[in-house]
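If you count the first sequence from 1, position 381 lands on 1012 in this note's numbering, and the numbers rise without skipping. Where is the CB? At the ideal position from N, CA and C, for every residue including glycine. The model shown is predicted, which means the values in this text are computed figures rather than measured ones. A quick write-up on the structure given underneath.
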Amino acid sequence: MLGDTFVRIMRAAGYEVEVQNYVDNTGVQVADCVVGFEHIEHMTLETVRALDESLPPERPFDYYCWDLYARVGLFYRNGDANAKEDAERLRLRGETLRVIEEGNNPTAELADYVATRILDCHLTTMLRLGIVYDVLPRESEILHLHFWDKAFGRLRETNAIRYEAEGRNAGCWVMPTNLHTSTDEHEADKIIVRSNGTVTYAGKDIAYQLWKLGRLNLDFYYKPFRNYSNDHVAWITTSDVSQASSADAPKFGGGSKIYNVIDSRQSYTQDIVRQGVAAVAPEVGAEASVHLSYEMVALSPAACEDLGIELSAEDRARSFIEMSGRKGLGVKADDLITRLEEVAETEVSERHPELSGKARKETAHIIAIGALRYFLLKWTRTSVIAFDFKEALSFEGETGPYCQYAAVRANSIFRKMNDKIYSQAIQFIKRLKETEVAEQVKNSFANESGDEFWTMLTLAARLDEAIAQSAAQAEPAYLAKYTFQLARAFNLFYHRHRIISEEDATRRHLLIAIADIARGQLTRSLATLGIAVPERM
RNA sequence: GCUCCCGUAGCUCAGUGGAUAGAGCAUCUGCCUUCUAAGCAGAGGGUCGCACGUUCGAGUCGUGCCGGGGGUACCA
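If you want it as structure tokens, here you go:
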């Protein structure tokens, strides 16, 4: 949500932006799902595929894997959530990870199926929120197309990493760093290549970021993955030349600046990655790679209760509880969106019984997405979001629907206004430079409403400034706050002035012009946040 | 230990060195014969964690302390 909105803001500010979604298809989470299928359920690619096809639409493959992943967490602990992980069972993960990385074996094929299906589900969920991607670089290609090998060579040449022959990290390639000092418990150096020869995420991300900056002189092969519309396809990387249609794909990567939208808990890893990138490509330096970090979305104690999760007395006293996929502790985006849509539909049906079922659903969807997007965007990136159902499902006060409502009210003025009154106002405003007209306007601004007019107009005029500032600070919350202020100002303006029925013609022309400007700016501001305005609400 | 972030109204949070520190929620009180009340107006509620410093001026910058959280994995 943060990344998508930042993209919209950057584009609105005039930048050319490419949207990538990194597909970590050789990582531990995929490996764990595969361990679940192979060693708990004793399934193969064929039976997993059959299972997938038999799943009901309300509990699709990603839901199944969410549950399975939590079961694997228990499996590693021999069924006791509080026990230590069993070293023997944990070895299954390591072996699975290694075999996946190696490729060309049944386990790797199963992993590929699982990762691809999860990705497909993920894109569908994101599309509900209005989020789309340009390219989906897969971690497996970073390895198979030798991105890593090349980056590895450069890291060695520049002495950014060194081989440890002995000690705790014997057999590993590590990157020395002074980002923090070492203790008995914690080594200062970061392991880039494990003693079994596999590469850590940090290593793969260094290679990936070098490609993103056009500093690797290698490229992926591409094939279409998802058709959003006729002119927008999300391309996925492949190492299989025969399947690729790279010639039809746009040119990806090679950016001058990259924003890596990653949880602040990964800031240490990102610092390491940036250090590695800067060592290999000193000409672009560390500034070219920005860690666009954000604090986590956690659960409020009340939300845990709503989810039926029992909390210790200690946890209940906390302001938030961290989500955990491994513990199955979290809110699934699809569930939340569906719930928001249901609540919105109830409201829409009450207010607009005349609308068709289809129109109600469409309106409810727009409101639900507006509510969710604003709810997640109103917090600054450094603030932990303690997710609360009551707050997230609220449509009043500082919310997306409040802002949408202001725009809907504005539009409804113009829907009810007859064309003649509107065109009169437009003609009048066009003649502003004429002395006589200017004099009339000046008089209208001179009375007690003048200040209100100016407040509304100057605030509306600051949209571009708000977008520029939001882009410069990489802080979507700034634009969210501005949008709310603009909506609030319009609601007050709407309340204070009758527009269509205003009898003083000059005053009416001005009210119409101001309302027209306000609704235009509000609509643009909302669109930049990825929030649409429904016909009615 | 080291390191990063947070501490502002009952709660959740904004706040770009500059005016009397602001929103939303919650509580209380008003306002629908009108372009939509998912709205508007009003009331109460503050030692901006503490101390010292820089400055004409500090919620904002610096130093130290106190409290909370994250990271410091051969996870990501």
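### Query
Three-state secondary structure (DSSP) at K1112?
helix
### Task
Verify whether the separation of the beta carbon atoms of G988 and G1031 is less than 8 Å.
no
### Query
In whole angstroms, what is the alpha-carbon distance linking L1008 and M632?
8 Å
### Own chain, CB closer than 7 Å to L960, minus 5 neighbours either side, in chain order
I940 and M954
### Task
Classify L786 as buried or exposed, calling it buried when 16 or more other Cβ atoms lie within 10 Å of its own Cβ.
buried
### Message
Here's the rule I'm using: 16 or more other beta-carbon atoms within 10 Å means buried, otherwise exposed. How should A1235 be labelled?
### Response
Coverage of the chain is limited to positions 632 through 1168, which leaves residue 1235 absent and any answer about it impossible.
### Task
Identify the continuous alpha helix (DSSP H) that holds P913 and give its terminal residues.
Per DSSP, P913 belongs to no alpha helix (DSSP H) and is neither H nor E.
### Message
Would the stretch 639–654 count as touching the stretch 669–689 if we require 3 or more Cβ pairs under 8 Å?
### Response
no
### Task
Using beta-carbon positions only, say whether S1101 and I640 come within less than 8 Å of one another.
yes
#### Entry: Assigned exposure category for Q1152 - 16 Cβ within 10 Å defines buried
buried
### Query
Mind checking whether R1127 and E1133 have CB atoms under 8 Å apart?
no
### Message
Can you list, in chain order, the residues of its chain with a C-beta nearer than 8 Å to that of W779? Leave out the 5 residues immediately preceding and following it.
### Response
I773, V830, G834, K835 and A838
### Residues near G634 by beta carbon distance below 7 Å, same chain, minus five either side
V892
### Query
Is Y1036 buried or exposed, if buried means 16 or more other CB atoms sit within 10 Å of its CB?
buried
#### Entry: DSSP-derived helix/strand/coil call for R1167
coil
### Query
Between T747, D820, M806 and S924, which lies nearest to Q1104 when the distance is taken from Cα to Cα?
S924
### Query
Which residue's Cα is closest to the Cα of M1168: N656, T977 and E918?
T977
### Task
Throw me the rounded Cβ distance for the Q906 and T808 pair, which I believe falls under 8 Å.
6 Å
### Query
Which parts of the stretch 802–865 are runs of the alpha helix (DSSP H), unbroken and 4 residues or longer, counting only runs that do not cross its ends?
832–843
### Query
To the nearest angstrom, how far is it from the Cα of G710 to the Cα of D902?
37 Å
### Query
Of the choices A1038, R769, F1076 and Y646, whose alpha-carbon is the least far from that of W866?
R769
### Query
With distances taken from CA atoms, which of L1141, K958 and A1149 is nearest N1074?
L1141
### Task
Using three-state DSSP, classify F778 as helix, strand or coil.
helix
### Query
Apart from the five residues just before and just after Q660, which ones in its own chain have a Cβ nearer than 8 Å to its Cβ?
Y700 and G956
### Task
Compute the Euclidean distance between the alpha carbons of Y764 and E1065, then round it to the nearest angstrom.
50 Å
### Query
Can you tell me whether Q874 is buried or exposed, with buried defined as 16 or more other CB within 10 angstroms of its CB?
exposed
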